[in-house]
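Asker: In our numbering, the protein residues as written are 1 to 601.
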């Protein structure tokens, strides 16, 4: 009997797609003793990876196989034995396609990635500095806040090799790390050349980090000898690691580590497991690592939720008892924070206070309710007139959406086409952004972009098939390293001084560079973008459109990420039922990383 028959049937019925099929086909062709059950195991693990999970819980296998329509799986009491005796499943360093560990089933590569990340980060927890420059810390973090979490972040970053700083938008993560850089440079003065590298997962995030550090460096009351050593150029992780565009292999790895004493990674919640494993492999033995991110934001597009796992599920700063006593001696006051015995607790600071919107602002209150999973309170806030200046809730039917899009086109997108300069165009673009949870469907990004583009072309008298026109925003969908362009970067079509249309990219405020249309990378229209693609960005006003029916991507993290892209106001389109189900649906990615860290004691 053809072992792939039932699998092919599941593909035809759209229960599976061909991306889940590759390993099963390889096993079928190369491992003669592989049974049909072996093929299904490989498919199930691939399905989970496509969903963002690192591995498959053994206990979930019967339910998941049944979902896909195969009835030949073993009975529950035989399941574990059958998996362990399978010719495609191994343990530890076995060269088998699948690895079983702690009642979880992994693809071999993902198992070793997880193990290596855990081993690398745990090895960093033992190293600490005896020298703490408390004088400079007190100077740079003056103020009456007790506890001052930004100051605590500076103290632990001075002491530890591994440091994790989590905070929502506007909590001052970049402000804090810029001061930490100055403190560490001052602390290492006697050593000489202290090499620092700054990086982020996307070009957009790297550009924002560079711009912020440049600005903050100029504002510091420090000697120029210190300020001049603070780097102001961040690169993408691909660039940092020298990842080859065709082989995808990094230039820097265990045998050829990066030349740096301190690595700062911003937007760390966007870093997937594969990339984090590559970062850990490339770190020199004594290199300090500072991860900045928001544990409540959307996880990476690819498998894993590394940053959230490293935060250990903590909702606030919680140190181990010994560190609390040490800080009390250093600062001369008790820390009013909880104690924790999580292995990495001493290395994690959760910044609480938002300087973008305070806890009593509409967006701040709503973000807090969403994070707490309190759908009742969230609906109450949305109905409250107190929030109307910053949060608007529309329960309109999807049939009303085209009229809303036309209205917005008249306010923002047609003025972009009629602007006097590229500077004015980008200012208009940053004023307003439409975000959707999905690409396809009546409220999907593709549909919204098509509707707006058709409307503005008609209003401006352009041919419907015109691809490029002045004022059109586009988002890059691939990396082009020779032009320093990255997936997610925004470009706007605009004429140069000779009237030639070009793609313009914003380098920093009021500074731009252009690329000819003939060099245009793969891209999509960007009047609207997905919430995922908006990560690391900020707009004055946001229109967040939730799907009209329940969907797996409409999660608490997506809702929180979407509304917190707004600096001033957000308009939310979605029914009460959809908002409640979205808040209830918390992303829980399956991995063994947090358990490995906790089991270290």
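Yeah, the Cβ is synthetic: ideal placement off N, Cα and C, and Gly gets one too.
Take residue 337 and list the residues in its own chain whose beta-carbon comes closer than 8 angstroms to its own, dropping the five residues that flank it on each side.
Answerer: Counting only Cβ-Cβ distances below 8 angstroms, and skipping sequence neighbours, we find 147, 316, 317, 318, 319, 324.
Asker: For the ligand MN, any of its heavy atoms closer than 7 angstroms to the Cβ of residue 496?
Answerer: The ligand MN is absent from the structure shown, which contains no ligands of any kind.
Asker: Flag this pair as yes or no: are the beta carbons of residue 265 and residue 434 separated by less than 8 angstroms?
Answerer: Cβ atoms of residue 265 and residue 434: not closer than 8 angstroms.
Asker: Mapping DSSP to helix, strand and coil, what is residue 496?
Answerer: Note: residue 496 maps to coil in three-state DSSP.
Asker: Do residue 394 and residue 156 have their C-beta atoms closer together than 8 angstroms?
Answerer: Not in contact: residue 394 and residue 156 (Cβ atoms no closer than 8 angstroms).
Asker: By a C-beta neighbour count over all protein chains shown, 10 Å radius and 16 as the cutoff for buried, is residue 34 buried or exposed?
Answerer: Counting Cβ neighbours within 10 Å, residue 34 comes out buried, since at least 16 surround it.
Asker: Between the region 516–531 and the region 479–494, can you find at least three pairs of beta-carbon atoms closer than 8 angstroms?
Answerer: The region 479–494 is in contact with the region 516–531.
Asker: How long is the line joining the alpha carbons of residue 138 and residue 171, rounded to whole angstroms?
Answerer: If you take the alpha carbons of residue 138 and residue 171, they lie about 19 angstroms apart.
Asker: Based on the DSSP secondary-structure assignment, which residues constitute the bridge partners of residue 321?
Answerer: DSSP, once it has assigned bridges, lists no residue as partnering residue 321.
Asker: Between which residues of its own chain and residue 1 is the CB-CB distance below 7 angstroms, once the five residues before and five after are set aside?
Answerer: Here residue 1 scores only 44 on pLDDT, less than 50, and its place in the model should not be relied on; the value that follows carries that caveat. Same-chain partners within the cutoff: there are none.
Asker: How would you label residue 562, buried or exposed, when you count the other beta carbons within 10 angstroms and need 16 or more for buried?
Answerer: Label assigned to residue 562: buried.
Asker: Taking just the CA atoms, how far does residue 557 sit from residue 174?
Answerer: Taking the straight line from one Cα to the other gives about 22 angstroms.
Asker: For residue 122, does the three-state DSSP call read helix, strand or coil?
Answerer: Of the three classes helix, strand and coil, the one that applies to residue 122 here is helix, per DSSP.
Asker: Am I right that residue 310 and residue 288 are in contact with their C-beta atoms under 8 angstroms? What's the rounded C-beta distance?
Answerer: No, residue 310 and residue 288 are not in contact; Cβ-Cβ is about 15 angstroms, not under 8 angstroms.
Asker: Touch check for the region 201–220 and the region 244–254: three-plus C-beta pairs under 8 angstroms?
Answerer: No, because fewer than three Cβ pairs between the region 201–220 and the region 244–254 fall closer than 8 angstroms, the two stretches do not touch.
Asker: Give the range of the beta strand (DSSP E) segment to which residue 362 is assigned.
Answerer: Careful: residue 362 lies outside any beta strand (DSSP E), inside the alpha helix (DSSP H) at 362–371.
Asker: DSSP three-state call for residue 274: helix, strand or coil?
Answerer: Helix.
Asker: Going by beta-carbon coordinates alone, are residue 165 and residue 182 separated by less than 8 angstroms?
Answerer: Contact: no.
Asker: Could you check which residue in 532, 493, 582 has the C-alpha nearest to that of residue 438?
Answerer: Looking at the Cα atoms, 532 is the closest of the given residues.
Asker: Between residue 381 and residue 369, how many whole angstroms is the CB-CB distance? I'm expecting something under 8 angstroms.
Answerer: Indeed, because the Cβ distance is near 6 angstroms, the residues count as touching under 8 angstroms.
Asker: Where residue 313 and residue 298 are concerned, what is the direct C-alpha to C-alpha distance, given to the nearest angstrom?
Answerer: One C-alpha to the other measures close to 15 angstroms.
Asker: With 8 angstroms as the threshold, decide whether the Cβ of residue 465 is near any Cβ in chain B.
Answerer: Considering every chain present, this structure includes no chain B. It has just one protein chain.
Asker: For residue 583, tell me which candidate among 321, 441, 367 has the shortest Cα-Cα distance.
Answerer: Among 321, 441, 367, the Cα nearest to that of residue 583 belongs to 367.
Asker: Label residue 303 either buried or exposed according to how many other C-beta atoms from any shown protein chain fall within 10 Å of its C-beta, with 16 as the threshold for buried.
Answerer: It counts as buried.
Asker: Is it buried or exposed for residue 464, if we count other Cβ within 10 angstroms and need 16 for buried?
Answerer: Classification for residue 464: exposed.
Asker: If you pair each beta-carbon of the region 436–456 with each one of the region 210–230, do three or more pairs fall below 8 angstroms?
Answerer: Segments in contact, no.
Asker: Just to confirm, are residue 242 and residue 269 a CB contact at a threshold of 8 angstroms?
Answerer: Contact: no.
Asker: Can you list, in chain order, the stretches of the alpha helix (DSSP H) that have 4 or more residues and sit fully within the region 502–551?
Answerer: For the region 502–551, whole alpha helix (DSSP H) runs of length 4 or above, ordered along the chain, are 531–534.
Asker: If you follow the beta strand (DSSP E) that residue 337 is in, where does it begin and where does it stop?
Answerer: No beta strand (DSSP E) holds residue 337; DSSP gives it neither H nor E.
Asker: For residue 622 and residue 391, which I take to be in contact (beta-carbon distance under 8 angstroms), what is that distance rounded to the nearest angstrom?
Answerer: The displayed coordinates of the chain run from 1 to 601. Any statement about residue 622 would go beyond what the structure contains.
Asker: If you draw a straight line from the C-alpha of residue 550 to the C-alpha of residue 112, how long is it?
Answerer: Approximately 35 angstroms between the Cα atoms of the pair.
Asker: Which residues in the same chain as residue 568 place their Cβ atom closer than 8 angstroms to its Cβ, once the five residues preceding and following it in sequence are excluded?
Answerer: The residues are 390, 540, 541.
Asker: Is residue 198 helix, strand or coil when you go by DSSP?
Answerer: Reduced to three states, the DSSP call for residue 198 is strand.
Asker: Alpha carbons only, please: which of 119, 255, 525 is nearest the one belonging to residue 470?
Answerer: Nearest C-alpha to residue 470: 525.
Asker: Closer than 7 angstroms by C-beta to residue 131: which residues in its own chain qualify, once you throw out the five before and the five after it? Chain order, please.
Answerer: 187, listed in sequence order.
Asker: Ends of the beta strand (DSSP E) at residue 103?
Answerer: Premise fails: residue 103 is in no beta strand (DSSP E) and is neither H nor E.
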